[in-house]
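Encoded as structure tokens, the structure appears first; notes follow it.
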Amino acid sequence: MAAFFNKGFGRKRESTASDRIPPGQYETPDFPVLSAGPTPRIALANWTFKMEGLIEEPVQWTWEQFNALPQQSFTTDIHCVTKWSKLDTKWEGVSFDTLLEHVKLLPEVSHIMAYSYGGYTTNVPLEGLRNSKGFIGLRYDGKPLTPEHGGPARLVVPHLYFWKSAKWVNRLRFMEEDEPGFWERGGYSMYGDPWKEQRYRSDDSDYQASLNDD
1 MAAFFNKGFG
11 RKRESTASDR
21 IPPGQYETPD
31 FPVLSAGPTP
41 RIALANWTFK
51 MEGLIEEPVQ
61 WTWEQFNALP
71 QQSFTTDIHC
81 VTKWSKLDTK
91 WEGVSFDTLL
101 EHVKLLPEVS
111 HIMAYSYGGY
121 TTNVPLEGLR
131 NSKGFIGLRY
141 DGKPLTPEHG
151 GPARLVVPHL
161 YFWKSAKWVN
171 RLRFMEEDEP
181 GFWERGGYSM
191 YGDPWKEQRY
201 RSDDSDYQAS
211 LNDD
């Protein structure tokens, strides 16, 4: 498996731990468990992952088919909106760029909605996932991802607050316009950049300006 490192994954970042912790965050050695609802338990025989929306043909995999896709190792920092950061977390899974090799996007695609077993949703810009910025995590710290941490599979978008890394992910929908997901409808940021402390919708002025520029 190829290995990727830190924010953006593309190169190993030489820095001190304090340089890697966004404003308002603190480092923790633990991996706290936070969820919006009960933890679903998905039998692998029933698990599927689908991509749909503004693509020429939808595609769907079973657990066996998805695990047959090329996988990579990722070492990256993660940052929760509740203000903890965990450095050098180790994952294995399928990069979003690999998934894109199996679909043809329509030109108007700008955002993606991630859907999860249990009903959770969250929105992410297309450019916030491609070019080694996001992946579907299947293993954590050398072991299958536990249900409490989003197993059997979760979206991982380490450069954004961790609520964007949807647990128990089973579907991605490609969209022309941005739409709020579960926490975004409740007033959380539409983007969630920890380095800009975009926790709430009122923190989104820079993000909205960038959309207007496009």
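Last residue of the sequence shown: 214 in the UniProt record's numbering, with the numbers rising by one and none dropped. Virtual Cβ for every residue (Gly too), placed ideally from N, Cα, C.
* Give me the Cα-Cα distance between Glu101 and Glu52, rounded to the nearest whole angstrom. => 14 Å
* Among all the DSSP beta bridges, which residues are the ones paired with Thr48? -> Thr62
* Would Thr82 be called buried (16 or more neighbouring beta carbons within 10 Å of its own) or exposed? -> exposed
* **Pair within 8 Å by beta-carbon distance, Tyr161 and His111** => no
* To do: Out of His149, Trp91, Glu197, point me to the one whose CA is closest to Gly24's CA.
  => Glu197
* Asked: Is residue 231 helix, strand or coil by DSSP?
  -> What is shown of the chain runs 1 to 214, which leaves residue 231 out entirely.
* Provide the residue span of the beta strand (DSSP E) that contains Phe174, from first to last. => 169-175
* To do: Assign Pro147 to one of three DSSP states: helix, strand, or coil.
  => helix
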